[in-house]
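Participant: Have a look at this one before I ask anything.
2 protein chains.
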Amino acid sequence: MNNLTDNDVYWWRPLDDAKSDTRAEILFAAYKEIHVNGFQSASLRHILARTGVTKGALYHHFPNKTELGYAVLDEVIARRIYLGFIQPLEDIDDPIEGLIDLIRRAGETFSMTDIELGCPLSVLAQEMAPIDEGFRLRLNAIYDEWHGSITRLLTRARDAGLIIDEVEPRTLAVMIAATLEGSLSAAKVAQSLDVLHQCGHGLNQFLQLIRN
Amino acid sequence: MNNLTDNDVYWWRPLDDAKSDTRAEILFAAYKEIHVNGFQSASLRHILARTGVTKGALYHHFPNKTELGYAVLDEVIARRIYLGFIQPLEDIDDPIEGLIDLIRRAGETFSMTDIELGCPLSVLAQEMAPIDEGFRLRLNAIYDEWHGSITRLLTRARDAGLIIDEVEPRTLAVMIAATLEGSLSAAKVAQSLDVLHQCGHGLNQFLQLIRN
DNA sequence: TATAAAGCATACCAACTGGTATGTGTGATT
DNA sequence: AATCACACATACCAGTTGGTATGCTTTATA
């Protein structure tokens, strides 16, 4: 059933190749397992087999599976999301033009391999948010940061008179984020980059319309 | 970890109370288990325990767990989605006004209990689409139907001159569906109806802007 | 150089997983 | 009345699950 577990299919490399201590290895292997299988179905046995690390080592660094999951969310996923999708928003000058450009570039940058597994945030959100408060709070915090950065961008745009007055930055920010997440989800099910592009185009059309 | 499995928390009643044969009971219990835990972590033991049905009965009606999952998707989830979110779109006269009204009403109708577990389609999409083609194709078919019905609505609107010419019905339909799914996902993580309302408001603002 | 603690490794465990083999009652058909 | 298929029920199974208890090195510290 699962044909995506092998390492060679996986394209995201670890962020810091430098200090490749055991803990970091476990963390990254766990991240991959979770991204493919979800948290509950992620197997410690598989993680250990792929790293060569033993169970003793794992339970030396993490008290249990849940805490390992939290660590993956905090130290791997949150970091990637921040570096890839939150921080870049802060450096944009022309808010709307920049946002449009960012979405267009994202649509072009994403490859089929990205589409296949989709956003690890969505995976954990759908699976774990309702059944584990620890996961939910962490996920919520990440989304909050994301919403915040988009909100700041839109506020800047409104203050500069670049977009129509009817726009409420926070409201729109939450909606834009939802659209982006939904787009990746739709593309994942359709296994189609075209679906992603359609969504991106629709969203950009929206952004054009709220311009002054 | 899982505090939502109990029957009394679950609010969606079976669709046809009439013929409550064993197969239907299993199907509905499995649907609930899957909605809460996802497919892979759905336990046949739990399903049997809650229905009172035995393992012999289950494996008499379904050859294996995967086929049970397919049946849940085909006979329970797809049906609910069609009746609740696809068919209603066909009966709308004024496309845009109707769509806006539908989104507003949906935002008001959804309760916190709906938000908690979110859309069962999203749950299975994130978990199973990349690892089981049977699930993916079924999910894709449902989304396709949904996209089709929104596309027809927008086409009607454009032919009637109700929306601006720049709008490509299919493109916008896919984007709108993505936004709606993303909205439910966001509300699920935030456990907040307010987030859902914000997304709905943002989307409606968009629909207002593409009007002629 | 003695001591302690960190960083593992091995072996084992009870609980649970989906799945199967076999038996049994029961209603319809011949 | 005999046959037979349908609709279960019971018991059992090998594999996997997360977790633990007990060891053994290596490294830092005193």
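So the protein sequences, as listed, match chains A and B. The numbering used here puts the first residue of the first sequence at 28, with every later residue one more than the last. The numbering used here puts the first residue of the second sequence at 28, with every later residue one more than the last. Cβ coordinates follow ideal geometry from the N, Cα and C atoms, glycine included.
Along the chain, where does the alpha helix (DSSP H) that runs through Ser138/B open and close?
Facilitator: Along the second sequence, one-based indexing puts residue 138/B at 111. Unbroken run through Ser138/B: none, as it is neither H nor E.
Participant: Given this structure, state the Cα-to-Cα distance separating Leu181/A from Leu180/B, to the nearest angstrom.
Facilitator: As a first step, residue 181/A is located in the first sequence; it is residue number 154 there, counting from the start. As a first step, residue 180/B is located in the second sequence; it is residue number 153 there, counting from the start. Computed Cα separation, rounded: 31 Å.
Participant: Going by the beta-carbon positions, is the gap between Ala98/B and Leu54/B smaller than 9 Å?
Facilitator: On the second sequence, position 71 is the one that residue 98/B refers to. On the second sequence, position 27 is the one that residue 54/B refers to. A contact, by the Cβ cut-off of 9 Å.
Participant: Give a yes or no on contact between the region 221 to 230 of chain B and the region 201 to 212 of chain B, applying the rule of three or more CB pairs nearer than 8 Å.
Facilitator: Cβ pair count under 8 Å is three or more, so yes.
Participant: Which chain B residues are close to Thr136/A, counting only those with a beta carbon under 8 Å from its beta carbon?
Facilitator: Residue 136/A sits at position 109 when you count from the first residue of the first sequence. What Thr136/A touches in chain B: nothing, since even the nearest Cβ is about 18 Å away.
Participant: What number of angstroms, rounded off, separates the C-alpha of Thr93/A from the C-alpha of Val216/B?
Facilitator: Position 66 of the first sequence, counted from the first residue, corresponds to residue 93/A. Position 189 of the second sequence, counted from the first residue, corresponds to residue 216/B. Rounded to whole angstroms, Thr93/A to Val216/B spans 18 Å at the Cα level.
Participant: Rounded to a whole number of angstroms, what is the C-alpha to C-alpha distance between Ala76/A and Glu195/A?
Facilitator: Here residue 76/A corresponds to residue number 49 of the first sequence, with the count starting at 1. Here residue 195/A corresponds to residue number 168 of the first sequence, with the count starting at 1. Between Ala76/A and Glu195/A, the C-alpha separation is close to 50 Å.
Participant: Between the region 111 to 125 of chain B and the region 171 to 180 of chain B, are three or more C-beta pairs nearer than 8 Å?
Facilitator: Taking 8 Å as the limit for Cβ pairs, the verdict is that the region 171 to 180 of chain B does touch the region 111 to 125 of chain B.
Participant: With a 10 Å radius around its C-beta and 16 neighbouring C-beta atoms as the bar for buried, classify Ser70/B as buried or exposed.
Facilitator: As a first step, residue 70/B must be located in the second sequence, where it is residue number 43. By the 10 Å Cβ count, Ser70/B comes out exposed.
Participant: With which residues is Arg238/B paired in a DSSP beta bridge?
Facilitator: Position 211 of the second sequence, counting from 1, holds the residue named residue 238/B. Answer is Ile190/B.
Participant: Would the region 189 to 204 of chain B and the region 133 to 146 of chain A be scored as touching if the rule is three or more Cβ pairs under 8 Å?
Facilitator: The region 189 to 204 of chain B vs the region 133 to 146 of chain A: no contact.
Participant: Closer than 9 Å, Cβ to Cβ, to anything on chain B: give me those residues from the region 82 to 96 of chain A, in chain order.
Facilitator: Going along the region 82 to 96 of chain A in chain order, one finds Thr93 with a Cβ nearer than 9 Å to chain B.
Participant: Starting from the C-beta of Val150/A, find all residues in its chain whose C-beta is less than 7 Å away, skip the five residues before and the five after it, and write them out in chain order.
Facilitator: Within the first sequence, the letter at position 123 stands for residue 150/A. Counting only Cβ-Cβ distances below 7 Å, and skipping sequence neighbours, we find His62 and Gly65.
Participant: Is it right to say Lys46/B is buried, meaning 16 or more other beta carbons lie within 10 angstroms of its own, or is it exposed?
Facilitator: For the purposes of this step, residue 46/B is identified with residue 19 of the second sequence, where counting begins at 1. Because Lys46/B sits at a pLDDT of 36, beneath the cut-off of 50, its placement in the model cannot be relied upon, and the point is left open.
Participant: Would you mind telling me which residues of chain A sit closer than 7 Å to Tyr58/B, beta carbon to beta carbon, in chain order?
Facilitator: Within the second sequence, residue 58/B is the residue found at index 31, counting from 1. Per Cβ cutoff of 7 Å: no residues; Tyr58/B is ~15 Å from chain A at best.
Participant: Helix, strand or coil for Asn231/B per DSSP?
Facilitator: Along the second sequence, one-based indexing puts residue 231/B at 204. Helix, per DSSP.
Participant: On the three-state DSSP scale, how would you describe Val80/B?
Facilitator: Position 53 of the second sequence, counting from 1, holds the residue named residue 80/B. In the structure shown, Val80/B sits in coil (DSSP, three-state: anything other than H, G, I, E or B).
Participant: Starting from His228/A, find everything on chain B with Cβ-Cβ shorter than 7 Å and list it in chain order.
Facilitator: Here the question's residue 228/A lines up with position 201 in the first sequence. Chain B residues near His228/A: Thr198.
Participant: Give the DSSP-derived three-state secondary structure of Asp159/A in the structure shown.
Facilitator: In the first sequence, residue 159/A corresponds to position 132, counting from 1. The answer is coil: DSSP assigns Asp159/A none of H, G, I, E or B.
Participant: With burial defined as no fewer than 16 other Cβ atoms inside 10 Å of the residue's Cβ, what is the status of Arg72/A: buried or exposed?
Facilitator: Along the first sequence, one-based indexing puts residue 72/A at 45. Exposed: under 16 other Cβ atoms inside 10 Å.
Participant: Just reading off the alpha helix (DSSP H) that Ser253/A is part of, what are its end residues?
Facilitator: For chain A, the structure presents residues 28 to 239; residue 253/A sits outside this window and is missing.
Participant: What residues of chain A sit near Asn167/B, judged by a beta carbon separation below 7 Å?
Facilitator: Numbered from 1 along the second sequence, position 140 holds the residue referred to as residue 167/B. Within 7 Å Cβ-Cβ: Val216 and Ala217.
Participant: Just mark Glu117/A as buried or exposed, buried being the case when its beta carbon has 16 or more other beta carbons within 10 Å.
Facilitator: In the first sequence, residue 117/A corresponds to position 90, counting from 1. Exposed, by the Cβ-count rule.
Participant: Excluding five sequence neighbours on each side, which residues of the same chain lie with their C-beta closer than 8 Å to the C-beta of Leu166/B?
Facilitator: As a working note, residue 166/B is residue 139 in the second sequence. Around Leu166/B: Leu100, Leu148, Leu151, Ala152, Met155 and Ala156.
Participant: I need the boundaries of the alpha helix (DSSP H) containing Tyr97/A, first residue and last residue.
Facilitator: In the first sequence, the residue the question calls residue 97/A occupies position 70. Residues Lys92 to Ala98.
Participant: Let me see if you follow: with CB-CB separation under 9 Å, is Ala76/A close to chain B or not?
Facilitator: By one-based count along the first sequence, residue 76/A stands at place 49. Closer than 9 Å: no.
Participant: For Gly111/B, decide whether its Cβ has a neighbour in chain A, counting only Cβ atoms nearer than 9 Å.
Facilitator: In the second sequence, residue 111/B corresponds to position 84, counting from 1. Not closer than 9 Å to any Cβ of chain A, the Cβ of Gly111/B fails to qualify, so no.
Participant: Buried or exposed for Gln235/A, going by 16 or more other Cβ atoms inside 10 Å?
Facilitator: Counted from its first residue, the first sequence places residue 235/A at position 208. So Gln235/A ends up on the exposed side.
Participant: Got a sec: is the Cβ-Cβ distance from Gly65/B to anything in chain A below 9 Å?
Facilitator: Walking along the second sequence from the start, residue 65/B turns up at place 38. Yes, its Cβ sits closer than 9 Å to a Cβ of chain A.
Participant: Report the three-state DSSP secondary structure of Ile119/B (helix, strand or coil).
Facilitator: Here the question's residue 119/B lines up with position 92 in the second sequence. In this structure, Ile119/B counts as coil in the three-state DSSP scheme.
Participant: Give me the chain A residues within the contact set of Gly145/B, using Cβ-Cβ distance strictly less than 9 Å, ordered along the chain.
Facilitator: On the second sequence, position 118 is the one that residue 145/B refers to. Those are Ala152, Gln153, Ala156 and Pro157, listed as they occur along chain A.
Participant: For Arg238/B, which option in Val222/B, Ala214/B, Gln225/B and Ile190/B has the closest C-alpha, if you only look at C-alpha atoms?
Facilitator: Sequence index remark: in the second sequence, residue 238/B carries index 211 (1-based). The shortest C-alpha separation from Arg238/B is found at Ile190/B.
Participant: So, is the C-beta of Ala204/A closer than 9 Å to a C-beta in chain B?
Facilitator: Numbered from its first residue, the first sequence carries residue 204/A at position 177. So, interface residue.
Participant: If distances are taken between C-alpha atoms only, which option among Ile123/B, Tyr86/B and Asn91/B comes closest to Asp186/B?
Facilitator: Residue 186/B sits at position 159 when you count from the first residue of the second sequence. Out of Ile123/B, Tyr86/B and Asn91/B, Ile123/B has the C-alpha closest to the C-alpha of Asp186/B.
Participant: Out of curiosity, what's the CA-to-CA distance linking Ile104/B and Ile74/A?
Facilitator: Residue mapping note: residue 104/B aligns to position 77 of the second sequence, counting from 1. Residue mapping note: residue 74/A aligns to position 47 of the first sequence, counting from 1. For Ile104/B and Ile74/A, the distance between alpha carbons rounds to 33 Å.
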